[in-house]
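Notes follow once the structure below has been shown.
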Amino acid sequence: MIRTETRFDNKRKRLDHKKLQFATATYKENDYPHRLSLYDVPPTQEITLEEFETWAIDRLRVLAELESCSFRNRSPPETAAHMQPIIKKYLQLSANSAAAGSQIDQRLKSERRKDHYSHYILRLAFSGTEDLRRRFARVESMLFKLRLEEDDGREKRAFIESLNLDWDYVTPEEKKGLGEELLGATPGVRRLDDENWFKVDWTRVPELVEHRRVLIKRGKAYVPLKEQTSMILNEFTKRLESGLELTARQLPRLDEDDRLSPILDHLSKNFTTPDAGFSDSDSALAGAPINAANIDALSQHFPLCMKNLHTTLRQNSHLKHYGRLQYSLFLKGIGLSLEDCLLFWRQAFNKITDDTFNKEYRYNVRHVYGDVGGDSNRRGRGYSPYSCQKILTEHPPGTGEAHGCPYRHFSVDNLTSMLQATGVHDRDLLKGVKEDVEKKRYHIACNRVFEWAHKGEIKKVKDEGIWGAAELDTIVHPNTYFKRSYLLKNLGEPKQDIRMEG
Ligand code: SF4
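Residue numbers (full-length UniProt numbering): 1 to 502.
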């Protein structure tokens, strides 16, 4: 981290590179007096590779969820309510008033440090292409806005003053003196007491001047405080965009670092569809009838990728290698035992003999479960079920293969037919899915269908406070889709030992 940031320091760039390379590094600890930051100064302290990766992943979760809120046209209050527990969990940023004493305490410092470093790590990951830079600047600005709007009034003012943006607050005397002139030039304000103003050079607010929303006097624009948030936000976005351009130019030097490059590469992939890990507890659906005989009934809760595999299997009595792998891992993830999985495949492959099944297929199913295979097979636990990201980005299906994700790998016509065959006829929904797919937001299309198919139950759990926003975050794993669907459709059942992903 330190060495990387040294290379990116603009001022040092002008120094002799050879001297710099062999000089003893000097580090300065940031003291983070404010909750918010425009991230003007890169971090210079040392952090571990693990922190480097986990902090970046946590920030990415927040950004991806924010982006999906905007894709789904959630209103600002809905977005704020939805994001609150997610931000609290992954990227908490407390106000100074939450500090134990007058000093910024250690907890606040470590929250701000994580925020600062994770921002810069993602700058590195997302400065490579114009598309990534644009998306990153957009979601970072959304996050900044969300935080700015919920900031404590006093702290917000202290933060803004610390930016030295060359704004002069208009004194009560001056305000009174300008009186009608100020009111006449500020739309939406009827009484002087209802608003306060600050002065800036008029060239800094060209849009407000163009739309005649400010009073101009002696080269100064009198801007109402209500415009402050959007001005700070513009400043944030402007600085971030130029910071990203600068990082992009320095990026080739980073290729030499074989520790960071793979992590950064993985992070930028994660921006397409956030990756989701899977742990054994994720398949815990205590009491659910998960056995070979029940897979047909349970398939009503499967996402489209697994429904497609299931239907193809039933039609052809066979699936090709990657289809078997993707489906077996998913079935294992929903809690199907190895014995039941073997029974399921044996019964499904009903055109072959026991002998052929045992010779050609049995071993692979056992291998997926870690029943056979060496150390490389995750020490006897087998492989993890595939996440959406893996399905979307690896091994696209060829002719005659049914694995992959229908939202990505089907033509729009085939996708529409398949959705209609599964009972999705709502025209607006199909239109939304088509738009998502055209914009390559495959998992958003999948979530859109999920929300439509479970809208009654989602409303109920929200209204009755049974589930929080974190339990209804964007689905990025087929097994989450199954589990959430099963739980929502069985809300009336006796309480189960339920542990949702994340
Ligand atoms: Fe399956 Fe994920 Fe595609 Fe949905 S988005 S169909 S869960 S791979």
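All residues carry an ideal CB built from backbone N, CA and C; glycine is no exception.
C-beta contact flag for proline 33 and histidine 116 at 8 Å: Not closer than 8 Å, so no.
Contiguous alpha helix (DSSP H) assignments of at least 4 residues, all confined to the segment 293-332: 295-298, 304-316
Span separating the alpha-carbon of serine 417 from that of proline 76: Serine 417 and proline 76 have their C-alpha atoms spaced approximately 34 Å apart.
Valine 200 - partner residues in DSSP beta bridges: Ala221
With 16 other Cβ atoms within 10 Å as the buried cut-off, status of glutamine 420: Classification of glutamine 420: exposed, given that the 10 Å Cβ count is below 16.
Runs of alpha helix (DSSP H) lying entirely within the segment 57-118, each at least 4 residues, in chain order: Runs of the alpha helix (DSSP H) inside the segment 57-118: 76-90.
Cβ neighbour criterion (16 or more within 10 Å) applied to serine 485: Buried, because 16 or more other Cβ atoms sit within 10 Å of the Cβ of serine 485.
Minimum C-alpha distance to glutamate 451 - residue among Tyr481, Thr422, Ile466: For glutamate 451, the nearest C-alpha among the options comes from Tyr481.
Euclidean distance between Cα positions of glycine 468 and glutamate 150: 20 Å
Close-in-space but distant-in-sequence residues of the same chain around phenylalanine 236 (CB under 7 Å, 5 per side omitted): The beta carbon of phenylalanine 236 sits closer than 7 Å to those of Leu38, Ser141, Phe144, all from its chain and outside the five residues before and after it, given in chain order.
Beta-carbon gap between residue 503 and leucine 491 smaller than 8 Å: Here the chain covers residues 1 to 502 and nothing more, so residue 503 does not appear.
Top-ranked residue by Cα proximity to asparagine 316, from Val139, Asp152, Leu304, Lys351: That would be Lys351, whose Cα lies nearest to the Cα of asparagine 316.
Sub-8 Å separation of valine 437 and valine 449 beta-carbons: no
Any non-hydrogen atom of the ligand SF4 within 7 Å of isoleucine 481 CB: For the record, residue 481 in the displayed sequence is tyrosine; it is not isoleucine. Because some heavy atom of the ligand SF4 lies under 7 Å away, the Cβ of tyrosine 481 counts as near it: yes.
Any non-hydrogen atom of the ligand SF4 closer than 7 Å to proline 397 Cβ: no
The ligand ZN heavy atom lying under 7 Å from the CB of tyrosine 322: The ligand ZN is not part of this structure, which contains only the ligand SF4.
Segment contact flag, the segment 165-173 with the segment 244-258, C-beta cutoff 8 Å, min 3 pairs: Fewer than three beta-carbon pairs drawn from the segment 165-173 and the segment 244-258 are found closer than 8 Å, and the two stretches are therefore not classed as touching.
Per-residue burial, lysine 483 [other beta carbons within 10 Å of its own, 16 or more giving buried]: With at least 16 other beta carbons inside 10 angstroms of its own, lysine 483 counts as buried.
contact_flag[the segment 438-448, the segment 51-61] where n(CB pairs < 8 Å) is 3 or more: The segment 438-448 vs the segment 51-61: no contact.
Same chain, Cβ closer than 7 Å to threonine 422, neighbours up to 5 away in sequence not counted: Lys307
Arginine 314 versus glutamine 326 - alpha carbon distance: 16 Å
CB of histidine 310 within 8 Å of CB of cysteine 388, strictly: no
Closer than 7 Å: isoleucine 334 CB and nearest the ligand SF4 heavy atom: No, Cβ of isoleucine 334 sits at least 7 Å from all heavy atoms of the ligand SF4.
Span separating the alpha-carbon of valine 41 from that of glutamate 241: 15 Å
Residue range of the alpha helix (DSSP H) that includes lysine 431: 427-438
Same chain only: Cβ atoms within 8 Å of isoleucine 295, ignoring 5 sequence neighbours per side: Sequence-distant partners of isoleucine 295 (beyond 5 residues in either direction) whose C-beta falls short of 8 Å from its own C-beta, in its chain, are His310, Leu331, Leu336, Phe344.
Whether glutamate 155 touches asparagine 196 by CB criterion (8 Å): no
As assigned by DSSP and simplified to three states, the class of aspartate 354: helix
Integer Cβ distance of asparagine 364 from arginine 324, believed to fall under 8 Å: 7 Å
Cβ-heavy atom distance, proline 478 to the ligand SF4, below 7 Å: yes
Assumed close pair leucine 329, valine 372 - CB separation to whole angstroms, cut-off 8 Å: Leucine 329 to valine 372, Cβ: 15 Å. No contact.
Anticipated Cβ contact below 8 Å, alanine 125 with leucine 264, distance rounded: Right, their Cβ atoms sit about 4 Å apart.
Any C-beta of chain D under 8 Å from that of valine 372: Among the chains in the structure shown there is no chain D, since it carries only a single protein chain.
Residue interval of the alpha helix (DSSP H) (run including threonine 229): 228-254
DSSP state of isoleucine 216 mapped onto helix, strand, coil: Looking at isoleucine 216 - three-state DSSP - the assignment turns out to be strand.
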